[in-house]
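Presented below is the structure to which this report refers.
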Amino acid sequence: MSVEKVILDRMKAFIELNSLINGRIYNGVAPDKCAYPLVMFQGIGETRSQTMGGESGLIRARYQFDVYTRDQVERITVSTALKKAFRNWSDETTIPKIEACYIESASDGFEKNEELYRKRIDIEVNYLESL
Numbered sequence: 239m240s241v242e243k244v245i246l247d248r249m250k251a252f253i254e255l256n257s258l259i260n261g262r263i264y265n266g267v268a269p270d271k272c273a274y275p276l277v278m279f280q281g282i283g284e285t286r287s288q289t290m291g292g293e294s295g296l297i298r299a300r301y302q303f304d305v306y307t308r309d310q311v312e313r314i315t316v317s318t319a320l321k322k323a324f325r326n327w328s329d330e331t332t333i334p335k336i337e338a339c340y341i342e343s344a345s346d347g348f349e350k351n352e353e354l355y356r357k358r359i360d361i362e363v364n365y366l367e368s369l
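Heads up: the sequence shown is residues 239 to 369, going by the numbering used here.
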């Protein structure tokens, strides 16, 4: 299983978040003319830890999550639920094993042409890859 699938499964299983977005979670780009609110996510970088013997299997990956909504209150509600889903999250039962997650940064925006409110949240996901 890929780490992206583990991240997707986490969002789907986190009731507080999924009840707000009704399963509208997209890895990459959302389809045209979709309903809102929604969450899109994508990997934006990773660092592989090394030891004297080679790769350790620990990967520090950074993911960008974008929350899109039709109003500001909804943007706050959905982005707060998303942060709760990943704040200090770890899971030893997944493959790959999630060691730790950290909220790195967040910023607000407005897509004037689409009249959408946006919250960008960068999250570091540390996971152990099978070697």
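Quick reminder that beta carbons are idealized off the backbone N, C-alpha and C, glycines included.
This structure is a prediction, so every number in the text was calculated from the model and none was measured.
Next item on the list: Have a look at Arg-262 and Glu-293 and give me their C-alpha separation to the nearest angstrom.
Entry: 36 Å
Next item on the list: From the DSSP output, in three-state form, read off Ala-299 for me.
Entry: strand
Notebook entry, point to check: When you compare only the Cα positions, how much space is there between Ile-336 and Leu-246?
Noted result: 13 Å
Item checked: Simplified DSSP assignment, three categories, for Ser-343 -> strand
Next item on the list: Report yes or no: do three or more beta-carbon pairs, one from the stretch 342-358 and one from the stretch 281-292, lie closer than 8 Å?
Entry: no
Check: If you draw a straight line from the alpha carbon of Met-249 to that of Val-277, how long is it in whole angstroms?
Finding: 9 Å
Checklist line | When Ala-338, Lys-350 and Phe-252 are compared against Asn-364, the one with the closest alpha-carbon | finding: Ala-338
Next item on the list: Identify, in the order they occur along the chain, each residue of the same chain with its Cβ nearer than 8 Å to the Cβ of Met-239, setting aside the five sequence neighbours on each side.
Entry: Thr-332, Ile-333 and Pro-334
Notebook entry, point to check: Going along the chain, which residues of its own chain have a beta-carbon closer than 7 Å to the beta-carbon of Ala-323, five neighbours each way excluded?
Noted result: Arg-248, Met-249, Phe-252 and Leu-255
Next item on the list: Decide if Pro-275 is buried, meaning its Cβ has at least 16 other Cβ atoms within 10 Å, or exposed.
Entry: buried
Check: Can the beta-carbon of Tyr-340 be found closer than 8 Å to that of Glu-362?
Finding: yes
Notebook entry, point to check: DSSP state of Thr-318, grouped into three classes?
Noted result: helix
Notebook entry, point to check: Relative to the C-alpha of Glu-312, which residue among Val-244, Ser-257, Gly-283 and Glu-242 is closest?
Noted result: Ser-257
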